[in-house]
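Reading through the structure tokens given below for one structure.
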Amino acid sequence: MLSSILFAISCLPISTMEKYVLARENPSLQDLKKMRGFSQKRIEKMLKFITRSNCKVCFYGMQEYPQAFFDLENPPFRLMYNKSLPTEGQRLVTISGTREPYQQAALAAYTFSLEAVANGATLVCSNSRGIDRSVLHACHDYKTEAFVLCDCGLGTERIAKNALVSSMSMISAYEPEDEAVAYRCLSRNVLSVALSKATVIMQAPKKSGALHVACSALDQGKDVFVHASANQETERYQGSASLVEMGASVVEDYAALAMHLDFPCINTVLKSCSYTSLYRFGSAWYSIKYGQ
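Rendered as structure tokens:
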């Protein structure tokens, strides 16, 4: 019954803080039925999804709710996730870029991400194609998980049919059947940068959504970095290059970012000519040189 009440409160058209205050008043389901926005159908759909799937739910104010979200103006009251939520002490880095990267940019994102996870960082990205997919491939190859902030519900085909995304730690602020629309993508961006200490932008054209990711990070007082491969003046790099013009620092690799953030970095990703190397992305092979 408690879950039913919290799900019911989550559907109401009021702010998260108002929902939190209401939840602490311990209202009954009958009380909530009198309120504008109450939807028994939506409640039942969410309960059914949680019961039949491997997903879990966390509400604002619970112990496992990400601390980083408390600083947001109107954080999500309800989070659905499949594995785990971020915890204090994790070295989180958000990576973003265009959905249609050049091969050079995709390889740069993969190499950067592989070196990051090899040095104990946990990556945050979206469920979009392109650069984010390169990030997830690196995590998958290293047998670690990224936090994937989704722009839709976890019960949609967009998620269910994506084995790579589904293998990661997915987080969604939306109801299970909510499809991806523009405003949800924007809200998702705000959450993805809130979790991390810094955001790294790979290739981004002038109108790329990655620029909204960067602006969201700056609005929250977070550091924004641009990968060196994305600091070009050609059309498909105008967005990322403009961030450098506005003062974003350029990083050649994860080691450079780690130095800025005071994160440990002793392992290095090396490009290899040998097909016997452990890591492959596209036609490129990589190995990891482990430090002492």
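Okay, so the sequence shown: first residue is 15 according to the working numbering, each after it adds one.
Quick reminder that beta carbons are idealized off the backbone N, C-alpha and C, glycines included.
Predicted model, so just to flag it, every value in this text is computed and none were measured.
On the three-state DSSP scale, how would you describe residue i?
i: L121; result: helix
i: T65; result: helix
i: Y188; result: coil
i: S24; result: helix
i: D276; result: coil
i: E249; result: helix
i: S53; result: coil
i: S230; result: helix
i: M15; result: At M15, the pLDDT of 49 sits below 50, so the modelled position is not reliable; the number obtained from the coordinates is stated separately. Coil.
i: L46; result: helix
i: Y268; result: helix
i: E87; result: coil
i: L168; result: coil
i: L99; result: coil
i: E193; result: coil
For residue i, list the residues DSSP reports as bridge partners.
i: V162; result: C139 and M184
i: I215; result: S110 and V240
i: K71; result: Checking the displayed sequence, the identity of residue 71 turns out to be Val instead of Lys. For V71, which the question treats as bridged, DSSP gives the partners M94.
i: S286; result: W299
i: Y293; result: Y300
Excluding five sequence neighbours on each side, which residues of the same chain lie with their C-beta closer than 8 angstroms to the C-beta of residue i?
i: I57; result: S18, F21, A22 and C25
i: S180; result: N96, I173 and A174
i: N141; result: V162, L163, C164, D165, C166, R172, I173, N176, V179 and M184
i: Y251; result: Q217, A218, P219, A244 and N245
i: S42; result: I19
i: E193; result: C166, G167, T170 and R172
i: K59; result: E189, P190 and E191
In the DSSP assignment, find the beta strand (DSSP E) that holds residue i and state where it starts and stops.
i: V356; result: Because the chain here runs from 15 to 306, residue 356 falls outside it and cannot be looked at.
Could you check where the alpha helix (DSSP H) with residue i kicks off and where it finishes?
i: Y197; result: A196 to A208
i: M76; result: Counting along the chain, M76 falls outside any alpha helix (DSSP H), and DSSP gives it neither H nor E.
i: C153; result: I145 to D155
i: R172; result: E171 to A174
i: S42; result: Neither: S42 is in no alpha helix (DSSP H) and is coded neither H nor E.
i: G255; result: Just to set this straight, residue 255 is Ala in the shown sequence, not Gly. Per DSSP, A255 belongs to the alpha helix (DSSP H) from Q252 to E259.
i: K220; result: It is not in any alpha helix (DSSP H) - K220 carries neither H nor E in the DSSP assignment.
i: K33; result: T30 to R38
Ignore the nearest five residues each way along the sequence and tell me which others in residue i's own chain have a CB closer than 7 angstroms to its CB.
i: V131; result: L137, A152, C153, Y156 and T158
i: L168; result: C69, M94, N96, M184, S186 and P190
i: G144; result: G111, T112, R113, E114 and P115
i: C279; result: N133, Y268, A269 and A272
i: L292; result: S301
i: Q234; result: V207 and A208
i: Q117; result: G296
i: P80; result: L99, P100 and L209
i: H226; result: L200 and N203
With a CB to CB cut of under 6 angstroms and the five nearest residues on each side skipped, what residues in its chain are close to residue i?
i: Y74; result: T30, Y34 and F91
i: V240; result: I215, S254, L257, V258, A262 and V264
i: M15; result: Low confidence applies here, because M15 scores a pLDDT of 49, under 50, leaving its location unreliable; read the following figure in that light. Nothing listed; no residue qualifies.
i: S210; result: L106, V107, T108 and V138
i: A82; result: A208 and L209
i: A120; result: S148
i: N88; result: S29 and T30
If we count Cβ pairs, one from each stretch, closer than 8 angstroms, do we get three or more for the region 195 to 206 versus the region 225 to 235? yes
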